[in-house]
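With numbering that gives the first Met the number 0, the residue at position 501 of the sequence shown is 500, and numbering never jumps.
Worksheet for the structure shown next.
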Amino acid sequence: MTSDLHNDPYAKLGADLSYAINPRSIAIVGASENEDKLGGRCLQYLKRFGFKGTILPINPTRAETQGFKTYPDFESLPEVAELVVIAVPGDQAEAAVKACARHGTRVAVILTAGFGETDDAGRAQERRMVEAARATGMRLIGPNSQGIANFHNGALANFSTMFVETTPVDGPVAIVSQSGGGSAVPYGLLRERGIGVRYCNAIGNQCDVTVTELALASARDPDIKLLLLYLEGIPDPNHIAELGAVARERGLPVLVLKSGRTPAGRKASLSHTGSLATEDRVVDSFFESHGLKRVAGVADLVRAAELYLQDWTPSGRRLVVISNSGTACVLTADAAADAGMQINELQASTRVELGKVLPTFATTTNPVDITAALLSNSRLFGDILPIIARDPGADVFLISVPVAGRGYDVDAFARDAAGFAKATGKPVVVVAPQPKVAGKFKEAGLAVFTLESEGVAALHQFITMHEVLANARTARGPGRTAPIVLTPPSERQQVLNEAEGLALVQAHGIPVVPHRLCRSEDEVVAALVAVGGLAAIKGCTGAITHKSDVGLVCLNIATEAAARQAWRDISAAAAGQGVALDGLIVAKMAPGRREMIVGAHRDPTFGPVLTVGDGGKYVEHLPDVQVVMANATRAEIQRAIQRLRIAPLFMGVRGEAAMDVDALCDALLALGRLIGDPGQAIHSVDLNPVILYDAGQGCLAVDAVVVRDE
Numbered sequence: 000m001t002s003d004l005h006n007d008p009y010a011k012l013g014a015d016l017s018y019a020i021n022p023r024s025i026a027i028v029g030a031s032e033n034e035d036k037l038g039g040r041c042l043q044y045l046k047r048f049g050f051k052g053t054i055l056p057i058n059p060t061r062a063e064t065q066g067f068k069t070y071p072d073f074e075s076l077p078e079v080a081e082l083v084v085i086a087v088p089g090d091q092a093e094a095a096v097k098a099c100a101r102h103g104t105r106v107a108v109i110l111t112a113g114f115g116e117t118d119d120a121g122r123a124q125e126r127r128m129v130e131a132a133r134a135t136g137m138r139l140i141g142p143n144s145q146g147i148a149n150f151h152n153g154a155l156a157n158f159s160t161m162f163v164e165t166t167p168v169d170g171p172v173a174i175v176s177q178s179g180g181g182s183a184v185p186y187g188l189l190r191e192r193g194i195g196v197r198y199c200n201a202i203g204n205q206c207d208v209t210v211t212e213l214a215l216a217s218a219r220d221p222d223i224k225l226l227l228l229y230l231e232g233i234p235d236p237n238h239i240a241e242l243g244a245v246a247r248e249r250g251l252p253v254l255v256l257k258s259g260r261t262p263a264g265r266k267a268s269l270s271h272t273g274s275l276a277t278e279d280r281v282v283d284s285f286f287e288s289h290g291l292k293r294v295a296g297v298a299d300l301v302r303a304a305e306l307y308l309q310d311w312t313p314s315g316r317r318l319v320v321i322s323n324s325g326t327a328c329v330l331t332a333d334a335a336a337d338a339g340m341q342i343n344e345l346q347a348s349t350r351v352e353l354g355k356v357l358p359t360f361a362t363t364t365n366p367v368d369i370t371a372a373l374l375s376n377s378r379l380f381g382d383i384l385p386i387i388a389r390d391p392g393a394d395v396f397l398i399s400v401p402v403a404g405r406g407y408d409v410d411a412f413a414r415d416a417a418g419f420a421k422a423t424g425k426p427v428v429v430v431a432p433q434p435k436v437a438g439k440f441k442e443a444g445l446a447v448f449t450l451e452s453e454g455v456a457a458l459h460q461f462i463t464m465h466e467v468l469a470n471a472r473t474a475r476g477p478g479r480t481a482p483i484v485l486t487p488p489s490e491r492q493q494v495l496n497e498a499e500g501l502a503l504v505q506a507h508g509i510p511v512v513p514h515r516l517c518r519s520e521d522e523v524v525a526a527l528v529a530v531g532g533l534a535a536i537k538g539c540t541g542a543i544t545h546k547s548d549v550g551l552v553c554l555n556i557a558t559e560a561a562a563r564q565a566w567r568d569i570s571a572a573a574a575g576q577g578v579a580l581d582g583l584i585v586a587k588m589a590p591g592r593r594e595m596i597v598g599a600h601r602d603p604t605f606g607p608v609l610t611v612g613d614g615g616k617y618v619e620h621l622p623d624v625q626v627v628m629a630n631a632t633r634a635e636i637q638r639a640i641q642r643l644r645i646a647p648l649f650m651g652v653r654g655e656a657a658m659d660v661d662a663l664c665d666a667l668l669a670l671g672r673l674i675g676d677p678g679q680a681i682h683s684v685d686l687n688p689v690i691l692y693d694a695g696q697g698c699l700a701v702d703a704v705v706v707r708d709e
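Here is the structure:
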C-alpha cells in the first residue's frame, strides 16, 4: 500500500524526517527485558550504541526494563517522544499508532508484521493507521519494518541481529532498503571490508513514508559520500527524481538495486513499442536520466565502495596497468577489454622517460611490466608513476602485485602509490592476492582487490557512475526537475488509421513517405502513376495495427494490372477480417540503408517514454531497442542510439557511407514533443519502419500506428 499523498508529486518533499534520523527522545511500545524480542533488542541497542537522548520504555506490566524506568502508557511519559518504536502485535500496534498521534509524536516506526503484506484486513488496518497519523501530521515507517538506524548518534529503532554479529562503526555510507535483508547484507559486506556505515534503514510496507523518501532524507546529510538503495518496486518516482537532483547537486554516487517486476496486470499498448519498452528498460532510463546508477546485484552495490569514498573525479576511462608480472598484465588487459576500458599505448616521450628508469628487459608499453626488478629496486613504483601520470592517455591506474613478500619493500610500494594518488587525484586500485601485502596497501588508504578482474570491474563501475552523474547534470542541471504528473489512461482509446497517423506525425516535424489515400480502384491506379516507380499499397484502417499479418499489404507494385489486383486482394482480405477500410494507401517504395523503429508510449509509472531500435517485422522476435524518457536531450538520445547492437553500422562499414543518425535524433525529439503535449492526448505512437538514409539524406516514416485516449 502507498498513501494517497503519492498522487501529489511534491506533497511530501518538505515533510520533515529529521525526527526519524535525529530524534531527541525515543519511546518503545512493548519494551522488554528479553533482548531477543523486538522491544527488548531495540532498547538494548539504544543503550549499547550510545543514544544520548531520552529513552522512554513503555510497558504496563513493568516498572523497570533493562535498567530504565518504564512507563505504563503515553500519558505517563515525562516528555513527548519524538520517535516511537512500536513492537507490539496486531491490534495493539494499531492502537499504539493512534495513541502516538494523540501524544504528539513526530515519527512512529512499526516493527510489527502481519498487515498489508498478508491480506485485505491487514491493508485496511494500514489505512486506518495512516488516517490517524495524517490527522496530526505524524509520519509512519512500516509496518513490517526491520527499522531504521543512525550509528552517528546511536538512534536505533531497528532489531537486526547483524549489528550484534558485526559491530557498527559510523561512516560515510547510507543504506536504505525496502526489505530487511536488502539493508543487512550490504551492511555486513561493507563492515567486513572495514567501511563504516551511518544509516542502515529497512522500511517495510511503506504505508506512509516510502523507501525513496527516506533515501532522500539520508542523501541530504553532507557527510554521506555513497548511498545504496534497494527497491522492490517504484513507490514514488518524484522522490527518485528529487533524489537525483540532490545527487547531481552534491556529486553523490547513488547505486540502486531494483529487483522484481511491476504487476502482471500492466497491458502492452497496441503498438510494438508497448511490448518492447519493458518495465526494466524504462526503469534503467529513468534512473540514468536523473543521475542514479542501477546495478545488477548486492555484490555490485559494494563492489567499488572504497573508490567512492576518495575525493577522486575521473577524467576518463583510459587505464594504465603496472605490474611485476607479465601474466597479471595480460589478465588485466583482457578484463579491461571486456569492461570497455581503454588501454592505450603510452606516448613515445613517456616511454623514453620510462626507459631511463626501468631495466632494458622491462616493458614500457601499456601494460607496463616492471618485471622482477622490483625485488632489487623498491623505488620503481615511486619513480615511474609520476612519469606515466603526465601522459595524456593516463586517466586511471591499476597496480597489480601478484607476488611479493620477503625481500620486497611493500611498505614503500604502498607509501608511494598512496602518495601518488593523493598528489594527483587520479584513481588508483591495487590488486594483491596475498593478505599481508594487501594489508599494507589498505593501511595506506588504497582500494585493494584479490583479482585483476575485480579491480577492473570496480574501476569500470566507479567511472560509469561519474559519467552518469555528469551526463545527467548536463541534461537536467543540478536542481529539481519538473514533477511527473501522470495522466491515467482513458478506458476508451482510438486508433488512428495510417493516413491520419502519418499526417499527425508529419505535422509535428517527422518526415513521412510520399503517399495518397485512395477510395476507389481507379484512384489507386492514378496514385501509382503519380508515385512513379514501385509502390506499396496498404489497407487503411485503425482496426488492425499489424496489417501485413492479415494480407492488407502488397509491396513492389509496378503496373496498373498489379495495382488493380492489389485493390481486389486487400479488399477481400479486409472483408474476411470483418473490417471496413477507410481506403487504400498508395506509397512510394522507400528503400534505404536501414529499417528502424521509433516509438513512444505513456508508461503508467514514469510518464511518456521513447523507444528506438532496429526495425522491421522482426522487432519483437529479435529486439534491439533502447528506451529514453520523452524529455530526453539530443545527447541522451545519441547515447541511447550508440548502445544499440547495430550501432557500429551507423558509422559505415566495409566502405559504406555513414547513416543519418542526426535525422533519427530529430525524429525522436519531435516525437518526444508530440507525446509530451497533453493537448494531443497521445497514448502511444509506433513508427515502424522508419527508413534511415545516408548521412545528410534524412529518414522517412513509412508506417504509423497512433493511439489516442478519448
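The beta-carbon is built from N, C-alpha and C at its ideal position, and this holds for glycine as well.
Source: prediction; values computed, not measured.
Nearest by alpha-carbon distance to residue i: which of the options is it?
i	options	result
E116	S258, N143, M137	N143
S284	G612, A680, V608, D665	V608
R515	H507, L527, A506	L527
A725	I85, A700, I27	In the structure displayed, the chain extends from 0 to 709; residue 725 sits before or after that span and is not available.
N33	F158, L668, G508	F158
V627	T610, K68, R707	T610
K464	G103, L254, A30, A80	One point to set straight first is that residue 464 is Met, not Lys, in the sequence displayed. It is L254.
P391	D521, A361, V319, E164	V319
F419	L580, N152, P385, A469	P385
P252	N237, R219, V108	R219
A372	G406, V395, A703	G406
A669	P510, T364, P432, V530	P510
V83	N21, A361, A134	N21
L458	D279, L306, I556	L306
Could you please give me the residues that DSSP links to residue i through a beta bridge?
i	result
C553	I536
Y229	S176, L256
H514	A586
Y198	N149, A173
F448	V430
N630	Note: N630 sits in no beta bridge, so no partner.
Q43	Note: Q43 sits in no beta bridge, so no partner.
Express the C-alpha separation of residue j and residue i in angstroms, rounding to a whole number.
i	j	result
I25	G179	21 Å
L503	K97	55 Å
G325	V455	17 Å
I398	N343	16 Å
D368	A446	21 Å
Q492	Q91	48 Å
I645	F150	49 Å
V356	G339	31 Å
G187	L225	16 Å
A572	T544	14 Å
V467	F412	33 Å
G381	K51	47 Å
E499	D702	11 Å
Looking at residue i: is its Cβ nearer than 8 Å to the Cβ of residue j?
i	j	result
I202	L213	yes
V734	L673	Since the first residue shown for the chain is 0 and the last is 709, residue 734 is missing from the structure and cannot be characterised.
I636	C664	yes
F461	A295	no
N204	A148	no
M595	L554	no
C705	L551	It should be noted that the sequence gives Val, not Cys, for residue 705. Taking 8 Å as the Cβ cut-off, V705 and L551 do not qualify as a contacting pair.
L436	A474	Going by the sequence as given, residue 436 is Val instead of Leu. Their beta carbons are not under 8 Å apart, which means V436 does not touch A474 by this criterion.
Apply the 10 Å Cβ neighbour rule to residue i and answer buried if 16 or more other Cβ atoms are within range, or exposed otherwise.
i	result
V351	exposed
Y617	exposed
V168	exposed
V484	exposed
V28	buried
P434	exposed
N687	buried
P262	Per-residue confidence for P262 stands at a pLDDT of 42, beneath the threshold of 50, marking its modelled position as unreliable; the derived number appears in the next sentence. Exposed: under 16 other Cβ atoms inside 10 Å.
K425	buried
S217	buried
T331	buried
G273	The pLDDT assigned to G273 is 43, lower than 50, so where the model puts this residue is not dependable; a value taken from the coordinates is nonetheless given after this. Looking at its Cβ environment, which holds 16 or more other Cβ atoms inside 10 Å, G273 is buried.
Would residue i count as contacting chain D if we go by Cβ distances under 8 Å?
i	result
S176	The structure shown has no chain D; it contains just one protein chain.
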